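Scroll down for the structure; my scribbles are underneath it.
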Amino acid sequence: MGGAAGLGLVGGGGLYASRALDGDYGDLRAPGTQPVLSTRGRIDADGSSGSGTVSPSVEGSWEFDAADPAFLFVHGFSTGAEAARDQAYTAQVGIRELRPDEEASVVAYSWDSDVGWGDAKRTADANAEPLAGWLIDRADAGGGRVHLLGYSLGARVTGETLRVLDERGRDDVLGSVSLLGGAIPRVSAADDGRYGSAFGSIDAPVRNFHSRNDRVLGWVYRASDRTRAVGHDGLPDAAAAPAGYRDVDVTDLVGDHYSYFQPGEGCLPRVLDGID
Numbered sequence: 001m002g003g004a005a006g007l008g009l010v011g012g013g014g015l016y017a018s019r020a021l022d023g024d025y026g027d028l029r030a031p032g033t034q035p036v037l038s039t040r041g042r043i044d045a046d047g048s049s050g051s052g053t054v055s056p057s058v059e060g061s062w063e064f065d066a067a068d069p070a071f072l073f074v075h076g077f078s079t080g081a082e083a084a085r086d087q088a089y090t091a092q093v094g095i096r097e098l099r100p101d102e103e104a105s106v107v108a109y110s111w112d113s114d115v116g117w118g119d120a121k122r123t124a125d126a127n128a129e130p131l132a133g134w135l136i137d138r139a140d141a142g143g144g145r146v147h148l149l150g151y152s153l154g155a156r157v158t159g160e161t162l163r164v165l166d167e168r169g170r171d172d173v174l175g176s177v178s179l180l181g182g183a184i185p186r187v188s189a190a191d192d193g194r195y196g197s198a199f200g201s202i203d204a205p206v207r208n209f210h211s212r213n214d215r216v217l218g219w220v221y222r223a224s225d226r227t228r229a230v231g232h233d234g235l236p237d238a239a240a241a242p243a244g245y246r247d248v249d250v251t252d253l254v255g256d257h258y259s260y261f262q263p264g265e266g267c268l269p270r271v272l273d274g275i276d
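Structure, rendered in structure tokens:
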């Protein structure tokens, strides 16, 4: 994967300029059988589908028991289809190393984030309906609860998805929600923030893993969106946390924006500590 691009800097008039910071996600490559849900090519850059509701396509091998719990990894900004698979596989390797008896499967949720920063945020919002629909359909078909891992801008997809689930009264489809270096405003996760009601209504723990070593969020995100990210600072001191929500400071484990889910480093041990 090499050095990964950082979040975009957005100036007046919507000017977009990319900035690269040192870091990578490791060198693991996913097999062609890696399970994937994808909306790529079906949601326009302005966030519209153009043809009504989009259902994610299913790719790879889905040989694991549908009744078993599964992990779903939602990647972040500037991530192509191959990198989306690789990142989910990287998380899967790390989880299986920590829980060798379970053979956990990590499904990649692959969406068109490899566009400009503003378009990527709109596309993240538009992926809420497809992802929520899939989670509901899986639950209604007897599938096991899903452990949702929202990484970087994937935290925005995750938050918007929980809002849709809240609106539909479906608090029963998730086993846990973990935000890893979440690229959303820290105030949005508060009880009175954009995602507060949704975080508080889901019948599952919501944990935010944040690191002050995350320069992408601490520098680039803060400059582009003119706010602080929940993945860098956690909730503001004065903010009330939603019911079931908890900040987890992993600054001692996570050295940069790219390490949250890497095997042998990052914070996967603490993520799994809160998952049965």
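In UniProt numbering, the protein residues as written are 1 to 276.
Idealized CB from N, CA, C, for every residue including glycine.
None of the values given here were measured: they were computed from a predicted structure.
Same chain, Cβ closer than 6 angstroms to residue i, five either side skipped, listed in chain order
{"i": "L26", "result": "The question names Leu, yet the displayed sequence has Gly at residue 26. Answer for G26: T90 and Q262, listed in chain order."}
{"i": "G143", "result": "A66"}
{"i": "S201", "result": "D166 and D171"}
{"i": "A88", "result": "F73, V106 and A108"}
{"i": "G175", "result": "P69, R145, H147 and A204"}
{"i": "W62", "result": "P35"}
{"i": "Q92", "result": "V106"}
{"i": "V206", "result": "V177, F199, G244 and Y245"}
{"i": "A139", "result": "V173"}
{"i": "G196", "result": "A190 and P242"}
{"i": "G193", "result": "V187"}
{"i": "G225", "result": "According to the sequence displayed, residue 225 carries Asp and not Gly. Excluding sequence neighbours, D225 sits near nothing in its chain."}
Cβ-heavy atom distance, residue i to the ligand FMN, below 7 angstroms
{"i": "L131", "result": "Because no ligand of any kind appears in the structure shown, any question about the ligand FMN cannot be addressed here."}
Boundaries (first-last residue) of the beta strand (DSSP E) holding residue i
{"i": "Y89", "result": "Taken as a continuous stretch (DSSP letters only), Y89 belongs to no beta strand (DSSP E), being part of the alpha helix (DSSP H) at A81 to L98."}
{"i": "E265", "result": "Neither: E265 is in no beta strand (DSSP E) and is coded neither H nor E."}
{"i": "V36", "result": "V36 to S38"}
{"i": "A124", "result": "Counting along the chain, A124 falls outside any beta strand (DSSP E), though it belongs to the alpha helix (DSSP H) covering W117 to A126."}
{"i": "S57", "result": "S57 to E59"}
{"i": "A70", "result": "A70 to V74"}
Cβ-based neighbour list, residue i, same chain, cut-off 7 angstroms, excluding 5 preceding and 5 following
{"i": "A243", "result": "G200"}
{"i": "Y260", "result": "Y151, L180, G181, F209, V254, G266 and C267"}
{"i": "L217", "result": "G181, A183, A229, G231, H232 and H257"}
{"i": "T158", "result": "V74, L148, G150, V177 and L179"}
{"i": "G274", "result": "S176, P205 and R207"}
Beta bridge counterpart(s) of residue i as assigned by DSSP
{"i": "R207", "result": "S178 and R246"}
{"i": "G143", "result": "Bridge partners of G143: none, in fact."}
{"i": "L162", "result": "The partner list for L162 (beta bridge, DSSP) is empty, contrary to what the question assumes."}
{"i": "P185", "result": "A229"}
{"i": "S113", "result": "DSSP output for S113 lists no bridge partner at all."}
{"i": "G150", "result": "V74 and L179"}
{"i": "A108", "result": "V36 and F73"}
Limits of the unbroken alpha helix (DSSP H) element including residue i
{"i": "L253", "result": "That residue, L253, is in no alpha helix (DSSP H); it is neither H nor E in DSSP."}
{"i": "V103", "result": "This sequence places Glu at residue 103; Val is not what is there. Run containing E103: none; DSSP gives neither H nor E here."}
{"i": "A240", "result": "Unbroken run through A240: none, as it is neither H nor E."}
{"i": "G200", "result": "G196 to S201"}
Same chain, Cβ closer than 8 angstroms to residue i, neighbours up to 5 away in sequence not counted
{"i": "residue 291", "result": "Any question about residue 291 goes unanswered here, given that the chain covers just 1 to 276."}
{"i": "R270", "result": "F209, V248, V250 and L253"}
{"i": "L272", "result": "I95, L98 and R99"}
{"i": "G13", "result": "Reliability of the predicted coordinates at G13 is poor, the pLDDT of 28 falling under 50, and the value obtained from them is presented with this limitation in mind. Answer for G13: no residue qualifies."}
Whole-number beta carbon distance between residue j and residue i, since they are thought to touch under 8 angstroms
{"i": "A239", "j": "A190", "result": "4 angstroms"}
{"i": "R212", "j": "T251", "result": "5 angstroms"}
{"i": "G234", "j": "R156", "result": "Contact flag wrong, Cβ pair sits at about 17 angstroms."}
{"i": "R163", "j": "A128", "result": "7 angstroms"}
{"i": "D112", "j": "I43", "result": "6 angstroms"}
{"i": "L135", "j": "V173", "result": "4 angstroms"}
{"i": "A124", "j": "L153", "result": "6 angstroms"}
Minimum Cβ-Cβ distance from residue i to chain C less than 8 angstroms
{"i": "E59", "result": "The structure shown has no chain C; it contains just one protein chain."}
Inset, instruction - Evaluate contact between the segment 31-43 and the segment 106-119, counting only Cβ atoms and requiring at least three cross-stretch pairs below 8 angstroms. - result: yes
Legend entry - Any 3 or more C-beta pairs closer than 8 angstroms across the segment 55-65 and the segment 214-233: no
Legend entry - Validate contact between the segment 75-84 and the segment 109-128 using beta carbons, cut 8 angstroms, 3 pairs: yes
Inset, instruction - Please determine if the segment 244-252 and the segment 148-164 are in contact, where contact requires at least 3 C-beta pairs separated by less than 8 angstroms. - result: no
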